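Below you'll find the structure, written out as structure tokens, and then a few comments.
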Amino acid sequence: MRRIAEPRNKLKSTKALQAAVVRFAGDSGDGIQLTGSQFTDTTALFGNDLATCPEYPAEIRAPAGTLPGVSGYQIHFGSKDVLTPGDAVDALIAMNPAALVASLSDLKTNGIVIVNTDSFKERDLRKARLSSNPLDDYTLDRFRVFAVAITTLTRRAVEDLKLDGRIVDRCKNFFALGMCYWLYSRPMEPTLRWIGDKFAENPQLVEANRRALRAGYSYCDATEAFQIQYEVPPARLAPGVYRNVSGNTALSLGLIAASQRSGAPLFLGSYPITPASEILHELARHKNFGVITFQAEDEIGAIGAAIGAAFAGALAVTTTSGPGMALNAESVGLAVMVELPLVICNIQRGGPSTGLPTKTEQADLFQALFGRHGEAPAPVLAASSPGDCFTVAYEASRIALKYMVPVIVLSDGYLARSTGPWRIPELDDLPAIKARYRADPDGFAPYARDPETLARPWAIPGTPGLEHRVGGLEKRDVSGVIDYDPLNHERMVDLRARKVAAIAREIGPVVPKGDGDGDLLIVGWGSTKGAIRAAAQARRAGGRRIGHVHLRYLNPLPPNLADVLIRYKRVLVPELNMGQLAWLLRSRFLVDAIVFGKNQGQPFRQREIEAKIEEALR
Amino acid sequence: MRRIAEPRNKLKSTKALQAAVVRFAGDSGDGIQLTGSQFTDTTALFGNDLATCPEYPAEIRAPAGTLPGVSGYQIHFGSKDVLTPGDAVDALIAMNPAALVASLSDLKTNGIVIVNTDSFKERDLRKARLSSNPLDDYTLDRFRVFAVAITTLTRRAVEDLKLDGRIVDRCKNFFALGMCYWLYSRPMEPTLRWIGDKFAENPQLVEANRRALRAGYSYCDATEAFQIQYEVPPARLAPGVYRNVSGNTALSLGLIAASQRSGAPLFLGSYPITPASEILHELARHKNFGVITFQAEDEIGAIGAAIGAAFAGALAVTTTSGPGMALNAESVGLAVMVELPLVICNIQRGGPSTGLPTKTEQADLFQALFGRHGEAPAPVLAASSPGDCFTVAYEASRIALKYMVPVIVLSDGYLARSTGPWRIPELDDLPAIKARYRADPDGFAPYARDPETLARPWAIPGTPGLEHRVGGLEKRDVSGVIDYDPLNHERMVDLRARKVAAIAREIGPVVPKGDGDGDLLIVGWGSTKGAIRAAAQARRAGGRRIGHVHLRYLNPLPPNLADVLIRYKRVLVPELNMGQLAWLLRSRFLVDAIVFGKNQGQPFRQREIEAKIEEALR
Amino acid sequence: MNAPASSYKKEDFETDQDVRWCPGCGDFAILSALQSVFADLGVPREKLVIVSGIGCSSRLPYYVNTYGFHGIHGRAPAIATGVKLANPDLEVWIATGDGDALAIGGNHLIHALRRNIGVKILLFNNRVYSLTKGQSSPTSELGQKTKSAPYGSIDPPFNALALALGAGATFVARSIDAFLPHLKSTLRRAAAHKGAAFVEILQNCLVFNDGAFGRLTDKNARGENLLVLEDGQPLVFGRRHDKGLRLNGLDFEAVVMDGGSADHDVLIHDERRSGEGYAYLLARMSDHADLPTPIGVFRDVQRPCYEDSVRAQIREITKEQGAGDLEKLLRAGSSWEVRE
Amino acid sequence: MNAPASSYKKEDFETDQDVRWCPGCGDFAILSALQSVFADLGVPREKLVIVSGIGCSSRLPYYVNTYGFHGIHGRAPAIATGVKLANPDLEVWIATGDGDALAIGGNHLIHALRRNIGVKILLFNNRVYSLTKGQSSPTSELGQKTKSAPYGSIDPPFNALALALGAGATFVARSIDAFLPHLKSTLRRAAAHKGAAFVEILQNCLVFNDGAFGRLTDKNARGENLLVLEDGQPLVFGRRHDKGLRLNGLDFEAVVMDGGSADHDVLIHDERRSGEGYAYLLARMSDHADLPTPIGVFRDVQRPCYEDSVRAQIREITKEQGAGDLEKLLRAGSSWEVRE
Ligand SMILES: Cc1ncc(C[n+]2csc(CCOP(=O)(O)OP(=O)(O)O)c2C)c(N)n1
Ligand SMILES: Cc1ncc(C[n+]2csc(CCOP(=O)(O)OP(=O)(O)O)c2C)c(N)n1
Ligand code: SF4
Ligand code: SF4
Ligand SMILES: [Mg+2]
Ligand SMILES: [Mg+2]
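Residue numbers (the working numbering), protein chains in the order written: chain P, 200 to 817; chain C, 200 to 817; chain E, 2 to 341; chain X, 2 to 341.
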């Protein structure tokens, strides 16, 4: 089923758009996330490219109707490349006053605002700390406001079902969804079907929700207030099978894929922490892949168990966020020393300390690169989009297994939660990956190295004749026995560094997007990719000669980066921190990279980067 | 008592030296450390400048006579500035074969080797894994060897005391010491006195040890083999009262001094770890200064308690080494966020992981600067000599109290153990330092800031009217309540960074030692100061134009550093790591600083730096 | 400015912060109980310090108008130890959760109890990680479905009180959010104890583990499932107070009290019982399906408390050696003078 | 290459590494006992894994020719848990010290015991930090002078066995380095236990705490101070085996066995006793100056072990859902196809 459109009301006019940004906002009890994902699924099936960004309240259940209780879900969809969830909102559906005021500043002038008037009573305004009703004052002057009694209309639609009032009111989000489907000419079929599956056990609920959805749609179709219906034609995506994934889901799938393809059973040692927990949740659901998820007593127990599992032959993983990563520092050093494969995922959040746990930030790059005592280098990879989390998790596993090293994967709260269409890879297209267990006792030495990768052998307990001891003390080259000899230490420090550096050979050259040389090279990493690309495209369209390099490999850096950097007059590094990658580039290449830091717990807006580009070029 | 010399044997000749390097080496049971420190104390009292470096076996009690069981003590003393314990040894006292072979490579050609022939039996050679006797083969051809039956001669000297054989043999180190006193024309008086005090409860022991000492002296005086006696005249040290201190002792004293002067009681939360433990031991001995030493269950408990104590008004300190520092990362971030004074001392050792716990290294600079999640800046100071540990500990406390920040102090295993003469400061000369507890409820806000230092008020529990809450979540400027507002977060990230950066105002300009401009600037930090200075002096004497800047403040950097850097053609950064400070300078100043890393668990030799200087200037 | 300690009202311990718990959360009751108890204690407000870790429960300090420290996950006992050692005059309370105290913070907890440092530890046990939205905790029950154990937990839970006793706790109690008077009196008892006081408060998380303690709070069920400990009173329970506990060798067993001879075997609760076995058996009761779960004060005994020992040692040494003299200290050992 | 498991000799478990303990250290005896026991177990050498933390004791893996992992300080139980979960066929042993296991590693230890993961934990208790040259440990005794407590320790020590029981340990035992046959048989019992086995081994550190267990090992003293537990045998001690333990309410008391009626009260040791109180009282005996210190197996009961539960759940779910199909998994949820 694709591209089914509802019958059109001939009295209304239709306007084609290249893209649109819609935000659903309401109280966390209002089912906003569900509404948003339904809209997203329908839009994906419809064939648009898209990007989404949910926003949850920081509290589990902040008092209903208050500002801290607002839940939001934004989707940007279009018929061209959609790179970000959108700077500015074309249409806002606000289920209560708090949701309205929280979103106002992001709304385009002349944008659409649909409000549920039933929740703009005196009491509701008070909860949102408003002294006057925004529907009555000047607040909404700049916008096209549709004041709809959504609750009342929903009730009316399901009246005869004689349902409990609380249940009825829970249907109102489907009414709102129906309105949006009308507004953007989306088919209702997928959601109607979904409702059927979801509430299969309660036919009355199925009926009520379906009716609400249809009622919303019909309401727009019938009422005079709504005159224009929009159309956003499907995008031309590369052929393939797609699904919409969040970063955390994609990361989990990447790990399972790596385990399945390599033959090393997946072991996750983890301790819950926002925004990494969903990886633990997701992997715990797939035990039929032989996945072991071990929720440890703390992060140190989690990574400790992962190191033990790696010793015993598993594809071992630990997932955490900044604070947990800080606790893990000593254990990462151990993994570096014992040279075992390990994938360490840090889903970054706002810091320092407990910081802004529900917000996003990229301020743990230094920690990933340098946050250990002694010289303890480890490869560091960063994912740049929800779907890319799959690729990076898989690639990190590959490197870990091939080089016998702990590999650090950086994602962040924004990637973790936001979604985008992901082309599901053909299994045969995935890079080769293999657990190479040593079995042959002949010539075995625990720290003898593969001449190419410098990897030591993976001789797992249970293998006869390979009994040996590893540990955190410095070891003698080849034999692996404890050794404090000065020159041996220097050799081992060097070997550990060279092993990581050698991975660069496998990293393809970076090829800047946009102009291959020119005035400005923008270098980014991680979740900022969409915003940077969109901004660069826009400024190039405005006549600028700009290239954009987005780094997946932060350590080692791609081997041709130096050559690329010198082809531009200036280098700009936008990051959600105070300039950590910029520091790295400055030090490594002695290039006067311009720091563009943002420390607001929020992703970049395209326009912020555009403005900075212009400033840099001035 | 100073400069008492023993009567001279007129038949022998005397040769004056500017400096000499003596190493005592033997089994860890041989009392080597005690012998070395007696020689040192005497030499200090005699008026030489000096530097020492003890080396302990890694094991508690490695099997007697083996290579891992060798204990060493090296002293460099002279009549000019003595900057290092010496690259090469003028005189070695080797109490057994293992001690001899372990030291051979450090011995100057034509150097003196005194061996105790009584311990060069077949069995002793086997323990040292020697197949032939080095006294009989070519091994010692390059040296002036004095083969002395030290054990036998000692026994003979105390024969009539009818002591237990084991006790008698323990006296032999005093015989050796006596020989050295003769060799370098040192007075025996101080040690004779010390023996009297030390063994006061056992007059027989006093007698035996004194006899052994005198016997050693007389033996050299009498026997023909020893023809030349050396003299190293006193140095011209700046006037003042001196004592010989190790880095860990000086650091402990600095903390007590800071507490006494500031009025904030000293609280140490610590967990034992080599080479930091002696600070805990030392402070635990001074409870009559009101010092609380709390040995916690682990490092996290230690720093946690310190943070709690800081909240309650103490000058709070934690001491650890790399692995503990790694564990502390999360808590340091908390201290940054709650903006409480805290002194965090990392006595670095060889890493990564457990690494080389008894060896020295400077590879935790990155960890100190960047080893936390989020943007969590903290001042970082490094000590450069044993005595400087006092100054730096005091200064770190001053900064912590003045700016309400956690301050990281870096020392290392080499500084911790080695000793040098330290001019005891006059109390009045110490910089002002003050615990500024807030008492006035008027206008109080927990995150209101001093306009100059940006410090928030220290309002300690027990103060009426100042009840407030702190924590690791982002806080609103001034009021300190939890706040996830994007712009507030940015402001706070910025404020925390500016507060640390502002300390630069108090850092005097760096003035290079040596040439103020020229071909090469050497920039160093920490314990390498002596070796760098000595090498730079030597190369300047060889005609090079070299300056040397040694950084005490690693964050923030001294404000005039950029101006200094550009006055030289090249910049060389010798460090006991892979180039961490060099990286910092490159990034910060875009200067092509040359990395000179050494990763051997050993301090620099002067000659290594000299060679590198020449290479850099080529 | 501050009201005199004797005339506090509960409101004096409220702050202007919005309380950010889910409406209906058991944490509200605990907060309210604590504020009331603080008002009654007669301790000046500025001498009260609440330290917490991370979790829904650990938000508590923000809502009580005393000094407060919202620490990091699991570290409240460490921070609180530092506060109390630095200033033993303060009354230091800890608010913590089952994850905070028993998972990541387990080590600090047992060491605080071992040392018997004078802090009051309130463990809000809802058998789940709530702030992080519903994973298993070390007190989650076998089979309990959570986000991290979607097929049911296979990790056997800790018995928090048995663990505390094993670590050497001198004061151990249990109460329930739903029983406000009992909770208050338990908190009062904790306040009165000198040394470490460990209080497990069974707390309902209505979002992620609603009804976890229904057996104990439900009007109909609780009679059979709950045993309220009272010092000097027999160990009696049952809807009609008709059952008692007696010893069978070294185990407890429930007997019906029918006025017969068995009635005399029923044990009398003794909080100060010196042997450790009694409190331990009481603590282990909740592991046994056939025994009721006790609430109240299990054990309240005296051992020297840590902050006193620390101060006493300092006093003693200072008496012996005299107060430290910095000048002398710096010049200790062999020093020498160099003159111009 | 490897000898058949059945014909191992002790020497098969030696390595070519120089043993770096002080001559005379109690660790040698433990090493030797373990090597002998390994030789007898009939487990192929490659299936044995020894994990340790940091400390003198934690050097042990280097000296045993099996797979070995010298971890970081305190984390051996975490690492061992990962090894055992990843491959339950392995026999996983932990060598740890009183500092390693009870100070920094306390949390991992109690959680390993709670989960009942099948690892054998050998705690070398010398009541001091030896590797770091003599600081206090959590089992140092009150008043013990150490480098970090030069005026005597004021920290009350843990009772390791009580702590283990409080955490839910299923196998708890104590032995002494000096009693080689007893030590070996205790290790053999640990090897035979399914689930977590916790063995405290009193170990003499002759450098930093020499004679700490003299009361128990000294020929003259030990009769009165030591009680050797034997399953099914009465709790008897005394130089002339003339004293027994009986219950007084819920406490143990020592009685002289004079052939009189009191003799019948003397308790019979029962390792498998289901109630928790008995083993706990045995564990607490060493805290009481008037009671002897027991050695032997205190408790040996069965609970499901963690690695089994983990595997069972995986098996069950796989049976229900079928083995995972990667292709299907990737395409799960609503997917759509875009054609050329
Ligand atoms: C180092 C670290 N790890 C993990 C977290 C995430 N985290 C916050 S609260 C919490 C558990 C809370 O559970 P509990 O202590 O039972 O408190 P509750 O929310 O149930 O009251 C976790 C895992 C964190 N903040 N810091
Ligand atoms: C994180 C960390 N903290 C501290 C240390 C230092 N350390 C090494 S062993 C040890 C204690 C050893 O005591 P114990 O476990 O009793 O072993 P023993 O030496 O007595 O056998 C300590 C504190 C370390 N290696 N790592
Ligand atoms: S999630 Fe549970 S524990 Fe947290 S506030 Fe809500 S009800 Fe309370
Ligand atoms: S220091 Fe003590 S425990 Fe360590 S090896 Fe020596 S005797 Fe054994
Ligand atoms: Mg909880
Ligand atoms: Mg020990």
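Glycine residues also receive a C-beta, built at the ideal position from the N, C-alpha and C atoms.
Keep in mind it's a predicted model, so treat the numbers as computed, not measured.
Suppose only complete runs of 4+ residues qualify. What are the alpha helix (DSSP H) ranges in the region 272-358 of chain P, listed by chain order?
You should have 296-302, 321-326, 349-357.
Cutoff 7 Å: GLU673(P) Cβ touching any chain C Cβ
Output row for GLU673(P): interface = yes.
Contact list for the region 790-813 of chain P against chain C, Cβ threshold 7 Å:
Cβ contacts with chain C: ASP791, ASN798, GLN799, GLY800, GLN801.
Mark GLU92(X) as exposed unless 16 or more other C-beta atoms lie within 10 angstroms of its C-beta, in which case mark it buried.
Around the beta carbon of GLU92(X), 16 or more other beta carbons lie within 10 angstroms, which makes this residue buried.
My parser needs the alpha helix (DSSP H) runs of 4 or more residues fully inside the region 296-331 of chain X; what are they?
Runs found: 307-322, 327-331.
Should ILE118(X) be flagged as near chain E, meaning a C-beta pair shorter than 7 Å?
No, no contact with chain E.
Could you have a look at ARG202(P) and say whether DSSP puts it in helix, strand or coil?
Note that ARG202(P) scores a pLDDT of 41, beneath 50, so its modelled location is shaky and nothing firm can be said.
Assuming the contact rule is C-beta atoms closer than 8 Å, VAL393(X) and PHE209(X) should be a hit. Round their C-beta distance to whole Å, please.
The structure shown has nothing for residue 393(X), since chain X only spans 2 to 341.
In angstroms, rounded to a whole number, what distance separates the CA positions of GLY56(E) and ALA191(E)?
Looking at the two C-alpha atoms, the distance is approximately 22 Å.
Comparing the C-beta of ILE203(C) with each C-beta of chain P, is any distance below 7 Å?
At ILE203(C) the pLDDT is 44, less than 50, meaning the model places this residue with poor confidence and gives no usable figure here.
Go through its chain and collect everything with a Cβ distance to GLU477(P)'s Cβ below 6 Å, but skip five positions before and after it.
Excluding residues up to 5 positions away in sequence, ASN447 lie with their Cβ nearer than 6 Å to the Cβ of GLU477(P) in the same chain.
Report yes if the C-beta of VAL722(P) is less than 6 Å from at least one heavy atom of ligand 4; otherwise report no.
Flag unset: Cβ of VAL722(P) not near ligand 4.
Given GLU338(X), which residues of its chain have a CB within under 6 Å of its CB, disregarding the five upstream and five downstream residues?
So the list is empty, once near-sequence residues are dropped.
Could you pull out every unbroken beta strand (DSSP E) segment of at least 3 residues lying fully inside the region 354-433 of chain P, listed in chain order?
Segments of the beta strand (DSSP E) lying fully in the region 354-433 of chain P: 427-430.
Give the list of continuous beta strand (DSSP E) stretches no shorter than 3 residues that lie fully inside the region 242-295 of chain E.
Qualifying beta strand (DSSP E) stretches, in chain order: 244-249, 252-257.
Mind checking whether the beta-carbon of ASP99(X) lies closer than 6 Å to any heavy atom of ligand 6?
Checking the Cβ of ASP99(X) against ligand 6 gives yes.
Could you tell me which uninterrupted beta strand (DSSP E) segments, each at least 3 residues in length, are contained entirely in the region 622-661 of chain P, listed from first to last along the chain?
Counting whole runs of 3 or more residues, the region 622-661 of chain P contains no beta strand (DSSP E) stretch at all.
Under the three-state reduction of DSSP, which class applies to GLY228(P): helix, strand or coil?
Here GLY228(P) sits in helix by DSSP.
Could you work out which residues of chain E lie near LYS712(P), taking near to mean beta carbons separated by less than 8 Å?
Result: empty, since nearest Cβ-Cβ is about 38 Å, beyond 8 Å.
With a threshold of 8 Å, are at least 3 pairs of Cβ atoms found where one atom belongs to the region 277-295 of chain C and the other to the region 214-231 of chain C?
In this structure the region 277-295 of chain C touches the region 214-231 of chain C; the number of beta carbon pairs closer than 8 Å is three or more.
Mapping the DSSP letters down to three states, classify ILE472(C) as helix, strand or coil.
If DSSP states are grouped into helix, strand and coil, ILE472(C) belongs with coil.
My guess is that ALA826(C) and LEU600(C) are in contact by the Cβ rule of under 8 Å, so how many angstroms apart are they, rounded?
Here chain C comprises residues numbered 200 to 817, so residue 826(C) is not present and cannot be evaluated.
Spatial neighbours of ILE812(C) within its chain, please: C-beta separation below 8 Å, excluding the five flanking residues on both sides.
Taken in chain order, the residues that qualify are LEU719, ILE721, ALA734, ALA735, ARG738, ARG743, ILE745, LEU771.
Below 7 Å on C-beta distance, what does ALA150(E) contact in chain P?
Those are ALA483, listed as they occur along chain P.
In chain order, what residues of the region 607-635 of chain P put their CB closer than 8 Å to some CB of chain E?
So the list is empty, because no residue satisfies the distance condition.
Step through the CB atoms of chain C and report whether any lies within less than 7 Å of the CB of SER786(P).
It does: the Cβ of SER786(P) has a partner Cβ on chain C nearer than 7 Å.
Looking at the structure shown, is MET2(E) part of a helix, part of a strand, or coil, going by DSSP?
Low confidence applies here, because MET2(E) scores a pLDDT of 45, under 50, leaving its location unreliable and the question unanswered by this model.
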